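Trainee: For the sequence shown, our numbering begins at 200 and goes up steadily by one.
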Amino acid sequence: MRKPIIAGNWKMHMTGEEAAEYGKQFAPRVKDISDVEIVIAPPYTSLGAFFREVSDTRIKLCAQNVHFEEKGAFTGEISVSMLACEGVSHIIIGHSERRSYFGETDEGVRAKIKTTLGKGLIPIMCVGETLEEREQGNTNNVIKVQIEEGLRGIEIDDPQNLIVAYEPVWAIGTGKTASPDQAQEVHAFIRGLLGTIFGKEKASGIRILYGGSVKPANVRELMEQEDIDGGLVGGASLDPTSFEKIVKFYE
Ligand code: PGA
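(1) Kindly indicate which three-state DSSP category GLU236 falls into: helix, strand or coil?
(2) Quick test of your reading: LEU320 and HIS294, contact by CB under 8 Å. State the CB separation rounded to the nearest angstrom.
(3) May I ask you to check if the CB of LEU330 is nearer than 8 Å to at least one heavy atom of the ligand PGA?
(4) Just to check my reading of the structure: ALA222 and LEU260 have Cβ atoms closer than 8 Å, yes? What is that Cβ distance to the nearest angstrom?
(5) If you reduce the DSSP assignment to three classes, tell me which class HIS289 lands in.
(6) Roughly how many whole angstroms lie between the Cα atoms of ARG419 and GLY317?
(7) Is the closest heavy atom of the ligand PGA to the C-beta of VAL238 under 8 Å?
(8) Pick helix, strand or coil for ARG351, following the three-state DSSP scheme.
(9) Check whether the Cβ of THR373 lies closer than 8 Å to any heavy atom of the ligand PGA, and answer yes or no.
(10) Taking 8 Å as the cut-off, is the C-beta of HIS294 nearer than that to any heavy atom in the ligand PGA?
(11) For my contact list, ILE407 and ASP438 are in at a C-beta cut-off of 8 Å; report their separation, rounded to the angstrom.
(12) How many Å lie between VAL341 and ARG333 at the Cα?
(13) Helix, strand or coil, according to DSSP, for MET324 in the structure here?
(14) Measuring only from the beta carbon, is ASN208 closer than 8 Å to any heavy atom that is part of the ligand PGA?
(15) Report yes if the C-beta of GLU366 is less than 8 Å from at least one heavy atom of the ligand PGA; otherwise report no.
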């Protein structure tokens with residue numbers, strides 16, 4: 200049984216003060232929810248303020264990025280241990296915005312996943328094709344390379360320690376959502392690839408989230424698909440009311 204996860208990715212939104220206010224409003228509304236894991240990724244500078252509000256709740260704290268080295272002369276970077284110290288348990292790795300605007304490569308993604316797992320934190324590895332790649336019929340090839348290169352040489356003991364997020368780039372922040380069938384098709388393909396890498400049994404326990412314009416109105420039909428185990432939510436997670444509705448789909 201794969202326990203569903205709804206993860207909010209705030210991207211570059213929310214000061215510490217705003218994050219604390221969000222935590223105050225949101226935490227009581229979801230306090231009785233135990234059948235879905237709730238994960239929220241504030242920007243680095245708001246992690247502490249948000250965590251102080253939610254540390255005694257079931258809400259899990261996530262970072263949006265990390266550096267692959269454990270420490271050193273890397274001005275402006277943040278390590279896994281620094282994040283763990285702030286209460287972080289999950290880290291988004293290889294988001295398409297990092298890949299397209301900041302030159303993140305599959306090799307970099309792999310190094311970050313390795314360090315994250317090595318320190319006992321949970322990576323949320325993002326993959327997804329652009330509109331052009333989809334239109335050229337290249338979706339599966341692109342996903343295959345991202346999964347195989349990003350996970351080469353990676354080992355996991357417990358399948359719950361790795362989360363994959365399928366986020367078609369054309370659906371992120373655009374209001375265009377992949378249809379449930381389109382998403383399910385890619386999710387099943389990803390699970391097959393994970394089976395080749397980790398073995399079928401482990402692959403059947405890895406959670407695969409869908410991301411790209413998830414909102415209260417479309418969460419149900421997406422999450423009902425067999426291989427969709429939750430969502431990675433950007434825009435709609437910034438408002439506690441809409442994020443609450445998305446989380447409560449599972450009630
Ligand atoms: P969106 O973003 O929900 O605003 O489309 C999703 C994401 O980038 O994780």
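No residue lacks a Cβ here, since even glycine has one placed at the ideal position from N, Cα and C.
These numbers were taken from a predicted model, which means no experiment stands behind them.
Mentor: Reading it off the structure:
(1) Here residue 236 corresponds to residue number 37 of the sequence shown, with the count starting at 1. It is a strand residue.
(2) As a position in the sequence shown, residue 320 is number 121, starting the count at 1. As a position in the sequence shown, residue 294 is number 95, starting the count at 1. In fact, because the Cβ distance is near 16 Å, the residues do not count as touching under 8 Å.
(3) Against the sequence shown, residue 330 aligns to sequence position 131. Answer for LEU330: no, Cβ out of range of the ligand PGA.
(4) Counting from 1 along the sequence shown, the entry for residue 222 is found at position 23. Counting from 1 along the sequence shown, the entry for residue 260 is found at position 61. Residue 222 is actually Gly in this sequence, not Ala. About 10 Å separates the two Cβ atoms, so there is no contact after all.
(5) Position 90 of the sequence shown holds residue 289. Here HIS289 sits in strand by DSSP.
(6) Translated into positions along the sequence shown, residue 419 becomes position 220. Translated into positions along the sequence shown, residue 317 becomes position 118. Each residue's alpha carbon lies about 35 Å from the other.
(7) Taking the first residue of the sequence shown as 1, we reach residue 238 at position 39. No - the ligand PGA has no heavy atom lying nearer than 8 Å to the Cβ of VAL238.
(8) Numbered from 1 along the sequence shown, position 152 holds the residue referred to as residue 351. Of the three classes helix, strand and coil, the one that applies to ARG351 here is coil, per DSSP.
(9) Along the sequence shown, one-based indexing puts residue 373 at 174. Within the cutoff, so yes.
(10) As a first step, residue 294 is located in the sequence shown; it is residue number 95 there, counting from the start. For HIS294, the distance from the CB to the nearest heavy atom of the ligand PGA is below 8 Å.
(11) Numbered from its first residue, the sequence shown carries residue 407 at position 208. Numbered from its first residue, the sequence shown carries residue 438 at position 239. Contact between ILE407 and ASP438 fails: their C-beta atoms lie close to 25 Å from each other, not under 8 Å.
(12) Here residue 341 is taken as the residue at index 142 of the sequence shown, counted from 1. Here residue 333 is taken as the residue at index 134 of the sequence shown, counted from 1. The straight-line gap from Cα to Cα measures roughly 9 Å.
(13) The sequence position of residue 324 within the sequence shown is 125, counting from 1. In the displayed model, MET324 falls within a strand according to three-state DSSP.
(14) As a first step, residue 208 must be located in the sequence shown, where it is residue number 9. For the ligand PGA, at least one heavy atom lies less than 8 Å from the Cβ of ASN208.
(15) Taking the first residue of the sequence shown as 1, we reach residue 366 at position 167. For GLU366, the Cβ falls inside the 8 Å cut-off from some heavy atom of the ligand PGA.
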